[in-house]
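Okay, structure first, notes after.
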Amino acid sequence: MTKLVAVLFVWVCLILVVGSYSGGAARVIEPSSTRVVEVVEEPGEEDGLLNKKFPSNVVFEIDRNTLVAPYKTFIATVRDYLKSETIRGFPSMNRQLVTGTDRYGLIKVQIRGSPVSVTLVIDINNLYLVGFGAKNPNADPADAFYYLTYSAQNPDGYADAVALFGRTTQPVRLRYEGSYLQLGDRSRVPLGRQPFIDAIQKFYEHRNPNDLKASFLVVVQMIPEAVRSGYVTNFVGDKFNNPAPASVTVTDVENNWSKLSKAVRDAAANGNLQQTIRLSGLEPITTLRQIQNYQLVSLLLPERPRSFSDDFDCCSTSRIQTI
């Protein structure tokens, strides 16, 4: 019996070692041994999608039994991809702007056990959710890329992202921008596993474009905002099984990502902030240590030319959200 156990142990170890050097995709496994996050080692063409600059394609699978741990792993994976350097102890995005279609990253979300699958498009310069692609034979159009209005001055600013999809994909510009002012009231839209599944389902069906605002609110907060701030990630994690709308503190954190990032960059050598930051429900923020302890900033917005954007925060009237 002892020999049998020893043989089995060696056999399992060999499988693990071979698997770790076999190339291909690195995977994060749920306790049920079902794939949740897949990182494609060599970016390229997959299912007609091209992704050259985002470090790799990410696939997130979810169903009603998915645990919170795989969700947090998924968020950490995206965050790690976007990290370029460390500033004052905080992971930071790239200071250099990526231009053209290379500035877009793709995140594929699948509802396990169903044909539902959508590809989210994000701007890797600022983590704005640009839109989504969906192939649904029962929808009209069946193969579409829906993108948010970029701004009143340049409504089709995201139209070039359609080049990431196949030639048969039809681009459709939504009539609204991605600001929270246009997407709706966050205090009325629950966040959690089931709301996320419902949002992806609506994206896949894309029956009524005007009915997608609440879905955008869910996805924006549960992916880009969560990548920007561990405080948001933890809130979603706490509500994963029992959905609830973002708290006032969460929305304050979302609204102040650029302000918090600047506070980190401009902090004194001793870690004191130049100005006190006040967020609902938290003590006054005066030090870098507090920002770290509360996980208010998990991915820093670096200093960029002013002409790039005057305001990265969610409630800007000309932007999609504030991640």
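For the sequence shown, the numbering used here begins at 1097 and goes up steadily by one.
Every residue, glycine too, gets a C-beta built ideally from N, C-alpha and C.
Assigned exposure category for residue i - 16 Cβ within 10 Å defines buried
i	result
residue 1195	exposed
residue 1291	buried
residue 1317	buried
residue 1322	buried
residue 1140	For residue 1140, the predicted structure reports a pLDDT of 37, less than 50, and the residue's modelled location is therefore unreliable. The matter cannot be settled from this model.
residue 1227	buried
residue 1219	buried
residue 1230	buried
residue 1352	buried
residue 1127	Bear in mind that a pLDDT of 31 at residue 1127, under 50, signals an unreliable position, so the model cannot answer this.
residue 1233	exposed
residue 1117	Because residue 1117 carries a pLDDT of 30, less than 50, the predicted location of this residue cannot be relied on, and the following value inherits that uncertainty. Looking at its Cβ environment, which holds fewer than 16 other Cβ atoms inside 10 Å, residue 1117 is exposed.
residue 1341	buried
Start and end residues, beta strand (DSSP E) containing residue i
i	result
residue 1370	1368 to 1373
residue 1154	1154 to 1158
residue 1230	1224 to 1231
residue 1278	Careful: residue 1278 lies outside any beta strand (DSSP E), inside the alpha helix (DSSP H) at 1276 to 1279.
Extent of the continuous alpha helix (DSSP H) run through residue i
i	result
residue 1173	1164 to 1178
residue 1298	1289 to 1301
residue 1354	1353 to 1362
Reference residue i, options the options, closest by Cα
i	options	result
residue 1217	1234, 1320 and 1166	1320
residue 1356	1302, 1382, 1202 and 1168	1382
residue 1205	1269, 1277 and 1298	1298
residue 1156	1181, 1197, 1215 and 1200	1215
residue 1183	1367, 1272, 1373 and 1270	1367
residue 1238	1370, 1189, 1364 and 1302	1302
residue 1159	1244, 1343 and 1207	1207
residue 1200	1188, 1186 and 1177	1177
Within-8 Å CB hit, residue i to chain B
i	result
residue 1233	Absent from the structure is chain B; it holds one protein chain and no more.
Three or more C-beta pairs below 8 Å linking the stretch 1164 to 1172 and the stretch 1327 to 1338: Because the criterion of three Cβ pairs below 8 Å is met, the stretch 1164 to 1172 and the stretch 1327 to 1338 touch.
Cβ pair count under 8 Å reaching 3, the stretch 1386 to 1393 against the stretch 1323 to 1330: Note that the stretch 1386 to 1393 touches the stretch 1323 to 1330; at least 3 beta-carbon pairs, one per stretch, sit closer than 8 Å.
At least three beta-carbon pairs within less than 8 Å, the stretch 1263 to 1271 to the stretch 1233 to 1247: Contact between the stretch 1263 to 1271 and the stretch 1233 to 1247 is present, because at least three Cβ pairs lie under 8 Å.
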